[in-house]
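Colleague: The number in the numbering used here is simply the position in the sequence shown, starting from 1, with 97 added. Supplied in structure tokens, the structure appears directly below.
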Amino acid sequence: MLGTIVNSVAIIVGGLAGVLLSKEIPDSFKTTIMQGLGLSVFIIGLTGALKSQNVLLVISSIVLGSIIGEAFAIEDKLQKVGDWLEGNVSKGTEGSMAKGFVTASLIYCVGAMAIVGALESGLTGNHETLYAKSLIDGITAVIFASTLGIGVVFSSIAVFVYQGIITITAAFIKPFLIEEVIREMSAIGGLLIMGIAINLLEIKKISVGNMLPAVFLPIFYPFLEPIVLKIVSFLEILM
Numbered sequence: 098m099l100g101t102i103v104n105s106v107a108i109i110v111g112g113l114a115g116v117l118l119s120k121e122i123p124d125s126f127k128t129t130i131m132q133g134l135g136l137s138v139f140i141i142g143l144t145g146a147l148k149s150q151n152v153l154l155v156i157s158s159i160v161l162g163s164i165i166g167e168a169f170a171i172e173d174k175l176q177k178v179g180d181w182l183e184g185n186v187s188k189g190t191e192g193s194m195a196k197g198f199v200t201a202s203l204i205y206c207v208g209a210m211a212i213v214g215a216l217e218s219g220l221t222g223n224h225e226t227l228y229a230k231s232l233i234d235g236i237t238a239v240i241f242a243s244t245l246g247i248g249v250v251f252s253s254i255a256v257f258v259y260q261g262i263i264t265i266t267a268a269f270i271k272p273f274l275i276e277e278v279i280r281e282m283s284a285i286g287g288l289l290i291m292g293i294a295i296n297l298l299e300i301k302k303i304s305v306g307n308m309l310p311a312v313f314l315p316i317f318y319p320f321l322e323p324i325v326l327k328i329v330s331f332l333e334i335l336m
């Protein structure tokens, strides 16, 4: 839970700073800061991805996970949930507090980094992803709160509950996961984090949300390994 606690505190501190600073932050500063954060997130993701010792597992998980995610349109469903919350939670309210709370909660919670980071925190005790998210959320909270108001600060409650549930659930299933599976799940998570960084840098829009099932597929690899090896052998014969 440490990563989630740090994340929530970062949003509170950043939000309060944004309220105090109001609209005095130049747009050029905001752009440069976000670009720097995007580069930092990319390095963190790359470091995690390079820990893999089974490239075949990573590739097959990404491919199969992407197929599953696209079939269920996970990213579209996440967006629809966000639209529903924005249309119903803020209905009939006035002022910037409700708008700030809803908007910031959606941005901080409905994203792949929150899910991957919370899982990694619960499964491996590694909070680096959530620390990186904390830095991003804290700085963006300054930007959001400077325009949306004090409601951004209260989005920290949604982040704490949402990521906390994921982390605790992951911790309960940890005894059932072998070291190799955890390592490869983290490596796949690293690849997804690199995708998030590319989105932050606005290089290309990557549907990271639709790739999320890939993180869980290494759990089933011991059962699928014989099939995968046969496919590889078949391809080698063809080549």
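We put the CB at the ideal spot given by N, CA and C, even for glycine.
Let me know if L117 comes out buried or exposed under the rule of 16 or more other beta-carbons within 10 Å of its beta-carbon.
Modeller: Burial check for L117: the Cβ neighbour count within 10 Å stays below 16, so the residue is exposed.
Colleague: Report the option in G306, L113 and L314 whose CA atom is closest to the CA atom of M210.
Modeller: G306
Colleague: In three-state terms, what does DSSP make of K327?
Modeller: helix
Colleague: Could you tell me which of S137, L113, S149 and D124 sits nearest to Y228, measuring between CA atoms?
Modeller: S137
Colleague: Measure the alpha-carbon distance for V213 versus D124 and round it to whole angstroms.
Modeller: 30 Å
Colleague: Distance check for S330 and T101, CA to CA, integer angstroms please.
Modeller: 44 Å
Colleague: Can you give me the Cβ contacts of E333 inside the same chain, cut-off strictly under 8 Å, excluding the 5 residues immediately before and after it?
Modeller: none
Colleague: I'd like to know whether the C-beta of T264 is nearer than 8 Å to at least one C-beta of chain B.
Modeller: Going by chain labels, chain B is absent from the structure shown, which holds only one protein chain.
Colleague: Can you grab the Cα-Cα spacing for the pair K327 / T144, in whole Å?
Modeller: 30 Å
Colleague: Taking 8 Å as the cut-off, decide whether the C-beta atoms of A107 and D234 are in contact.
Modeller: yes
Colleague: Specify, as a first and last residue, the run of the alpha helix (DSSP H) that S304 falls within.
Modeller: Careful: S304 lies outside any alpha helix (DSSP H) and carries neither H nor E.
Colleague: So what's K177 in DSSP terms, helix, strand or just coil?
Modeller: K177 falls in the helix class under three-state DSSP.
Colleague: Following the continuous alpha helix (DSSP H) through M282, name the residue where it begins and the one where it ends.
Modeller: E276 to L297
Colleague: State the CB to CB distance for the pair E277 and S149, rounded to an integer number of angstroms; the pair is presumed to be in contact (CB under 8 Å).
Modeller: 10 Å between Cβ atoms; not a contact.
Colleague: Can you tell me which of the three DSSP states I247 falls into?
Modeller: coil
Colleague: Would you decide whether G222 is buried or exposed? Buried here means 16 or more other CB atoms lie within 10 Å of its CB.
Modeller: exposed
Colleague: Rounded to the nearest angstrom, what separates S344 and P323 at their Cα positions?
Modeller: Nothing can be reported for residue 344, as the shown portion of the chain is limited to 98 through 336.
Colleague: State the Cα-Cα distance for the pair L134 and P315, rounded to the nearest angstrom.
Modeller: 29 Å
Colleague: Looking only at C-alpha atoms, which of L216, H224, K177 and F139 sits nearest to I265?
Modeller: Checking every option, the nearest Cα to that of I265 belongs to L216.
Colleague: Taking just the CA atoms, how far does V258 sit from I247?
Modeller: 19 Å
Colleague: Tell me where the alpha helix (DSSP H) around I122 begins and ends.
Modeller: Per DSSP, I122 lies in no alpha helix (DSSP H) segment and is marked neither H nor E.
Colleague: Tell me whether G235 sits in a helix, a strand or coil according to DSSP, three-state version.
Modeller: helix
Colleague: Can you check which of these residues, S218, Q176, E225 and T226, is closest to I204 by C-alpha distance?
Modeller: Q176
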